[in-house]
Amino acid sequence: MRKEEHLTKPEQYALVYNKGRSWTSNLVVMKALPNGLAFARYGFSVSKRLGKAVIRNRIKRRLRQILHLTPLEPGWDIIFIARLPATSTDYASLEKSIADLLSRAQLIKPAKGKACQRLKAGVL
(Lines of atoms letter the chains of each structure in order from A and count residues from 1; the text may use other names and numbers.)
(Lines give C-alpha, C1' and ligand atoms only; values in the text may rest on other atoms or scores of the structure.)
Protein backbone atom coordinates (compact mmCIF):
# COMPACT_ATOMS: atom_id res chain seq x y z
CA MET A 1 0.00 0.00 0.00
CA ARG A 2 1.20 3.46 -0.80
CA LYS A 3 1.59 5.95 2.02
CA GLU A 4 -1.40 8.05 0.93
CA GLU A 5 -3.58 4.93 1.15
CA HIS A 6 -3.14 4.77 4.93
CA LEU A 7 -5.38 6.38 7.50
CA THR A 8 -2.78 8.02 9.73
CA LYS A 9 -4.37 10.70 11.88
CA PRO A 10 -6.66 10.14 14.87
CA GLU A 11 -9.13 12.59 13.31
CA GLN A 12 -9.43 10.37 10.22
CA TYR A 13 -10.13 7.32 12.38
CA ALA A 14 -12.64 9.24 14.53
CA LEU A 15 -14.55 10.44 11.47
CA VAL A 16 -14.94 6.90 10.11
CA TYR A 17 -15.81 5.50 13.56
CA ASN A 18 -18.47 8.16 14.19
CA LYS A 19 -20.02 8.66 10.74
CA GLY A 20 -19.13 5.49 8.85
CA ARG A 21 -21.36 2.54 8.10
CA SER A 22 -20.53 -0.79 9.72
CA TRP A 23 -20.49 -4.41 8.50
CA THR A 24 -19.60 -7.30 10.78
CA SER A 25 -18.42 -10.88 10.63
CA ASN A 26 -17.27 -13.20 13.39
CA LEU A 27 -13.60 -12.32 12.68
CA VAL A 28 -13.61 -8.64 11.66
CA VAL A 29 -15.73 -5.50 11.85
CA MET A 30 -15.46 -3.16 8.87
CA LYS A 31 -16.39 0.51 8.98
CA ALA A 32 -16.46 2.55 5.77
CA LEU A 33 -17.12 6.17 4.86
CA PRO A 34 -16.93 7.87 1.44
CA ASN A 35 -13.91 10.21 1.24
CA GLY A 36 -14.28 11.87 -2.18
CA LEU A 37 -10.71 10.99 -3.19
CA ALA A 38 -9.52 9.09 -6.25
CA PHE A 39 -8.27 6.22 -4.08
CA ALA A 40 -9.31 4.25 -1.02
CA ARG A 41 -7.59 4.66 2.35
CA TYR A 42 -7.27 1.89 4.93
CA GLY A 43 -6.66 1.57 8.63
CA PHE A 44 -6.49 -1.32 11.08
CA SER A 45 -7.46 -1.54 14.71
CA VAL A 46 -6.19 -4.51 16.70
CA SER A 47 -6.78 -4.18 20.44
CA LYS A 48 -4.22 -5.19 23.05
CA ARG A 49 -6.79 -7.55 24.53
CA LEU A 50 -6.32 -9.78 21.47
CA GLY A 51 -2.82 -10.74 22.52
CA LYS A 52 0.80 -9.73 22.60
CA ALA A 53 2.48 -7.71 19.86
CA VAL A 54 3.46 -10.76 17.81
CA ILE A 55 -0.17 -11.85 17.47
CA ARG A 56 -1.48 -8.34 16.81
CA ASN A 57 1.17 -7.71 14.15
CA ARG A 58 0.40 -11.04 12.46
CA ILE A 59 -3.25 -10.06 12.14
CA LYS A 60 -2.31 -6.65 10.69
CA ARG A 61 0.12 -8.24 8.19
CA ARG A 62 -2.55 -10.66 7.02
CA LEU A 63 -5.15 -7.90 6.65
CA ARG A 64 -2.67 -5.74 4.74
CA GLN A 65 -1.83 -8.60 2.36
CA ILE A 66 -5.48 -9.42 1.73
CA LEU A 67 -6.23 -5.79 0.86
CA HIS A 68 -3.13 -5.60 -1.33
CA LEU A 69 -4.53 -8.45 -3.44
CA THR A 70 -8.10 -7.13 -3.58
CA PRO A 71 -9.24 -4.58 -6.19
CA LEU A 72 -11.34 -2.02 -4.29
CA GLU A 73 -13.57 0.82 -5.36
CA PRO A 74 -11.83 4.20 -4.98
CA GLY A 75 -13.18 6.98 -2.79
CA TRP A 76 -13.58 5.23 0.57
CA ASP A 77 -12.00 5.37 4.02
CA ILE A 78 -12.12 1.86 5.50
CA ILE A 79 -11.20 0.62 8.98
CA PHE A 80 -10.90 -3.07 9.82
CA ILE A 81 -11.31 -3.93 13.50
CA ALA A 82 -10.09 -7.40 14.45
CA ARG A 83 -12.14 -9.55 16.81
CA LEU A 84 -10.83 -12.20 19.21
CA PRO A 85 -11.47 -15.22 16.91
CA ALA A 86 -9.16 -13.63 14.30
CA THR A 87 -6.17 -14.50 16.50
CA SER A 88 -6.65 -18.24 16.06
CA THR A 89 -7.96 -18.46 12.50
CA ASP A 90 -6.02 -19.31 9.37
CA TYR A 91 -5.30 -16.97 6.46
CA ALA A 92 -7.94 -18.50 4.17
CA SER A 93 -10.74 -17.97 6.70
CA LEU A 94 -9.70 -14.38 7.28
CA GLU A 95 -9.51 -13.81 3.51
CA LYS A 96 -13.00 -15.23 3.01
CA SER A 97 -14.38 -13.09 5.84
CA ILE A 98 -12.87 -9.90 4.35
CA ALA A 99 -14.17 -10.81 0.88
CA ASP A 100 -17.66 -11.31 2.31
CA LEU A 101 -17.59 -7.94 4.12
CA LEU A 102 -16.31 -6.07 1.07
CA SER A 103 -18.87 -7.67 -1.24
CA ARG A 104 -21.74 -6.93 1.16
CA ALA A 105 -20.58 -3.30 1.25
CA GLN A 106 -20.17 -3.33 -2.56
CA LEU A 107 -16.60 -2.09 -2.26
CA ILE A 108 -14.94 -4.66 -4.54
CA LYS A 109 -14.07 -3.23 -7.94
CA PRO A 110 -15.27 -5.38 -10.84
CA ALA A 111 -12.23 -7.33 -11.98
CA LYS A 112 -11.28 -8.86 -15.31
CA GLY A 113 -9.68 -12.16 -16.17
CA LYS A 114 -8.45 -14.54 -13.49
CA ALA A 115 -9.10 -12.09 -10.67
CA CYS A 116 -12.77 -11.95 -11.69
CA GLN A 117 -13.01 -15.74 -11.69
CA ARG A 118 -11.46 -15.89 -8.22
CA LEU A 119 -13.91 -13.28 -6.89
CA LYS A 120 -16.88 -15.17 -8.33
CA ALA A 121 -15.62 -18.34 -6.69
CA GLY A 122 -15.43 -16.55 -3.33
CA VAL A 123 -11.65 -16.69 -3.18
CA LEU A 124 -9.57 -13.53 -3.40
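Here our numbering is used: position 6 in the sequence shown is -7, and no number is missing along the way. For glycine and all other residues, C-beta sits at the position ideal for the given N, C-alpha and C.
Just how far apart, CA to CA, sit D77 and I46? 10 Å
Given a threshold of 16 other Cβ atoms within 10 Å of its Cβ, counted over all protein chains shown, does G23 qualify as buried or as exposed? exposed
Which residue marks the beginning of the alpha helix (DSSP H) containing V16, and which one marks its end? DSSP places V16 in no alpha helix (DSSP H) but in the uninterrupted beta strand (DSSP E) bounded by V15 to P21.
For I68, which residues of its own chain have a beta-carbon under 6 Å away from its beta-carbon, when the five flanking residues on both sides are left out? Here the set comprises V16 and S32.
First and last residue of the alpha helix (DSSP H) that includes S12? Unbroken run through S12: none, as it is neither H nor E.
C-alpha gap between R(-11) and F26, whole angstroms: Here the alpha carbons of F26 and R(-11) stand approximately 10 Å from one another.
Do you know how far the Cα of I95 is from the Cα of E60? Counting only the Cα atoms, I95 lies some 6 Å from E60.
If N13 and R70 are in contact, beta carbons under 8 Å, what's the gap, nearest whole angstrom? Yes, they are in contact, since the Cβ atoms of N13 and R70 sit about 7 Å apart, within 8 Å.
Beta-carbon proximity list for V3, same chain, < 6 Å, skipping 5 on both sides: K18, L20, D64 and I66
What would DSSP say about L59, mapped onto helix, strand or coil? strand
Just tell me which of A73, E(-2), T57 and R49 has its CA closest to the CA of R36. A73
Going by the beta-carbon positions, is the gap between R28 and H55 smaller than 8 Å? no
Reference R51; option with closest CA among L81, E(-2) and S34: When the alpha-carbon of R51 is set against those of L81, E(-2) and S34, the nearest one is in L81.
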